[in-house]
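Everything below concerns the one structure shown next.
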Amino acid sequence: MPDDSGPARFQAPRGTKDVLPEDEAYWSFVRRMGEHTAQLFGYRFIETPMFEDARLFLRGAGEGTDIAEKEIYIFEDRGNDKLALRPEGTANVCRAYLEHGMQTLPQPVRLFYVSPVFRYDRPQAGRFRQHTQLGVEAIGDGSALIDAEVIDLLSSFYDALGLSGLSLQLNSIGDPNCRPAYIEALRSYYSNHLSEICDDCKMRYEKNPMRLLDCKEERCQAIAADAPLINDHLCAACGEHFASLQSHLSALDIGFEVSPRLVRGLDYYNRTVFEFQPPEEGSQSTVGGGGRYDGLIELLGGKPTPGTGFGTGFERIILNLKRQNVDVPEVGGVQVYVAHASEASQEAAIKLARELRQADVKTVVGGSGRSLKAQLRHAGGLEATYAAIIGDRELANDEVTLRSMADGEQRQVPRSDVLQNVGG
RNA sequence: GUGGGCGUAGCCGAGAGGUCUAAGGCACCUGGUUGUGGCCCAGGAGAUCGAGGGUUCGAAUCCCUCCGUCCACCCCA
Numbered sequence: 053m054p055d056d057s058g059p060a061r062f063q064a065p066r067g068t069k070d071v072l073p074e075d076e077a078y079w080s081f082v083r084r085m086g087e088h089t090a091q092l093f094g095y096r097f098i099e100t101p102m103f104e105d106a107r108l109f110l111r112g113a114g115e116g117t118d119i120a121e122k123e124i125y126i127f128e129d130r131g132n133d134k135l136a137l138r139p140e141g142t143a144n145v146c147r148a149y150l151e152h153g154m155q156t157l158p159q160p161v162r163l164f165y166v167s168p169v170f171r172y173d174r175p176q177a178g179r180f181r182q183h184t185q186l187g188v189e190a191i192g193d194g195s196a197l198i199d200a201e202v203i204d205l206l207s208s209f210y211d212a213l214g215l216s217g218l219s220l221q222l223n224s225i226g227d228p229n230c231r232p233a234y235i236e237a238l239r240s241y242y243s244n245h246l247s248e249i250c251d252d253c254k255m256r257y258e259k260n261p262m263r264l265l266d267c268k269e270e271r272c273q274a275i276a277a278d279a280p281l282i283n284d285h286l287c288a289a290c291g292e293h294f295a296s297l298q299s300h301l302s303a304l305d306i307g308f309e310v311s312p313r314l315v316r317g318l319d320y321y322n323r324t325v326f327e328f329q330p331p332e333e334g335s336q337s338t339v340g341g342g343g344r345y346d347g348l349i350e351l352l353g354g355k356p357t358p359g360t361g362f363g364t365g366f367e368r369i370i371l372n373l374k375r376q377n378v379d380v381p382e383v384g385g386v387q388v389y390v391a392h393a394s395e396a397s398q399e400a401a402i403k404l405a406r407e408l409r410q411a412d413v414k415t416v417v418g419g420s421g422r423s424l425k426a427q428l429r430h431a432g433g434l435e436a437t438y439a440a441i442i443g444d445r446e447l448a449n450d451e452v453t454l455r456s457m458a459d460g461e462q463r464q465v466p467r468s469d470v471l472q473n474v475g476g
């Protein structure tokens with residue numbers, strides 16, 4: 053345990069960051085468009101705890117995955133319960149689906165959430181130990197049509213934000229009927245090349261053979277080039293599902309690229325997997341991704357229930373909005389700054405401010421004891437549209453001096469007319 | 001978990017063993033007479049030079065450890 057002497061100065065924990073007012077416009081825009089798009093598709097809001105029984109995630113993601121093995125924030129609480137911070141969003145939602153008997157609702161149940169996700173990773177550009185995801189889950193429908201729907205939703209979201217140049221990578225990783233045979237074929241192909249591949253690939257050979265296909269080492273790529281591909285090993289049902297999905301996407305005019313090497317990091321995926329990748333190079337090549345998870349609900353103790361969905365990271369979206377110089381709607385600035393010119397007028401100032409706010413005018417009052425000059429300087433710094441000045445003269449005449457900060461023009465306005473003069 | 005770059009006030013940034021009780025700029029606060037912003041001028045506040053240890057008569061400047069940060073790998077949003 054750390055002692056209590058503490059650091060000289062506190063900072064945000066490694067891999068976390070403060071979102072500051074300078075980014076307010078980005079965050080509120082992305083959040084708003086995310087909710088709007090999800091609701092437009094008929095998805096309903098859900099929010100689950102950020103921590104859960106650790107076993108939910110360990111079982112959900114899969115024991116051997118990176119998430120379960122080295123990235124999960126796990127702890128025991130004072131009651132000795134083993135808990136974990138949510139490393140991804142789908143398992144929570146499936147748990148909630150089961151816990152609240154959502155099988156009895158019209159299927160599929162369409163849900164969305166915006167919530168923080170935690171992974172103990174080494175921080176890097178666009179990668180944090182805490183990040184925020186918009187996630188969408190459609191539970192209870194196994195058709196390719198609903199896969200196309202969630203992809204359409206995500207694509208529409210990016211369009212609404214003004215992100216451009218994203219490419220959609222698509223693959224089918226089969227299901228428990230056909231994947232084992234494929235993995236077998238892949239392993240047997242690689243078993244003849246074990247001495248030629250890199251150390252990482254030797255790990256992959258053991259742990260996650262499909263990853264062998266997208267190794268960046270040149271010598272490994274040469275070997276991967278001739279490796280069997282999942283697409284040639286899909287069973288009839290999976291092949292048909294994948295073909296339908298492609299047809300649906302084409303019908304929607306959503307461009308995609310079949311990427312036989314696309315794999316995802318969670319065990320529960322089957323059939324459809326996809327990722328949206330930004331045009332800029334860099335190691336963080338995914339802004340959003342997801343897929344189908346037909347076995348997950350059953351794994352969590354429910355009846356066999358199909359599901360599909362995605363997660364997309366706000367931090368990476370905002371990174372790309374900035375890279376692409378996308379203009380986001382500004383958060384409105386201060387409309388009226390109420391300054392007092394004497395001590396006696398201070399209370400008149402706060403009363404005026406309250407009236408303005410009640411009429412939905414964004415209003416800030418000048419600080420007590422500051423000179424009028426200082427208050428106006430402050431108003432200028434806040435880029436207020438108007439300064440409303442109240443002093444003894446105004447008090448005596450029941451009026452307010454209204455100064456337009458852009459051009460410095462000012463006039464006396466009867467106290468009762470202030471609101472209409474500031475466009476409230 | 002592995003490898004590399006970096007770490008001086010809120011931000012940018014001089015400074016490379018003694019002249020540093022650390023320059024400058026931005027931002028912040030106060031004032032430039034009597035109730036008025038944005039320009040200008042003057043002043044003010046703000047730094048245990050990331051932390052700890054070491055070398056030295058002497059360290060922001062050299063060495064070690066740790067921490068943080070950035071970049072890459074791994075993996076992912």
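Residue numbers (my numbering): 53 to 476. We put the beta carbon where it would ideally sit given N, CA and C, even for glycine.
The beta-carbon separation of residue 398 and residue 420, rounded to 6 Å, stays under the 8 Å limit for a contact. Judged by DSSP secondary structure, residue 134 falls within the beta strand (DSSP E) whose first and last residues are 134-137.
Of the other Cβ atoms in all chains shown, fewer than 16 fall within 10 Å of the Cβ of residue 384; this residue is therefore exposed. Bounds of the alpha helix (DSSP H) holding residue 349 are 348-351. Boundaries around residue 109 are those of the alpha helix (DSSP H), 106-113, since no beta strand (DSSP E) includes it. Rounded to the nearest angstrom, the Cβ distance from residue 416 to residue 434 is 6 Å, consistent with a contact under 8 Å.
One Cα belongs to residue 346, the other to residue 406, and the distance between them is close to 55 Å.
Apart from the 5 residues on each side of it in sequence, residue 304 sits with its Cβ closer than 6 Å to the Cβ of 204 in its chain, given in chain order. According to the DSSP assignment, residue 89 belongs to the alpha helix (DSSP H) that extends over 76-92. Listed in chain order, the non-local C-beta contacts of residue 241 below 7 Å within the same chain comprise 279 and 280, local neighbours out to five positions each way being set aside. Secondary structure at residue 66: coil, using DSSP grouped into helix, strand and coil.
In the three-state scheme derived from DSSP, where H, G and I count as helix and E and B as strand, residue 228 is classed as coil. In this chain, the alpha helix (DSSP H) harbouring residue 429 covers 424-433. Counting C-beta pairs with one atom in each stretch, the stretch 149-158 and the stretch 168-179 have fewer than three that are closer than 8 Å, which means they do not touch. Distance check between residue 321 and each of 372, 78 and 348 places 348 closest, using alpha-carbon atoms only. In the DSSP assignment, residue 296 falls within the unbroken alpha helix (DSSP H) covering 288-303.
The criterion of a C-beta distance shorter than 7 Å is not satisfied by residue 96 and residue 197. If you ignore the 5 residues before and after residue 214, its C-beta comes within less than 7 Å of the C-beta of 378, all in its own chain and listed in chain order.
A residue is called buried when at least 16 other Cβ atoms come within 10 angstroms of its Cβ; residue 307 does not meet this threshold and is exposed. Residue range 161-170 is occupied by the beta strand (DSSP E) that includes residue 169.
The beta carbons of residue 438 and residue 474 sit closer together than 7 Å. Apart from sequence neighbours up to five positions away, the residues of its chain that approach residue 199 with a beta-carbon distance below 7 Å are 297, 324, 344 and 360, ordered along the chain. Put simply, of 327, 340, 251 and 462 the residue whose alpha carbon is nearest the alpha carbon of residue 269 is 251.
Of the residues assessed, residue 367 falls on the buried side of the cut-off, its CB having 16 or more other CB atoms within 10 angstroms.
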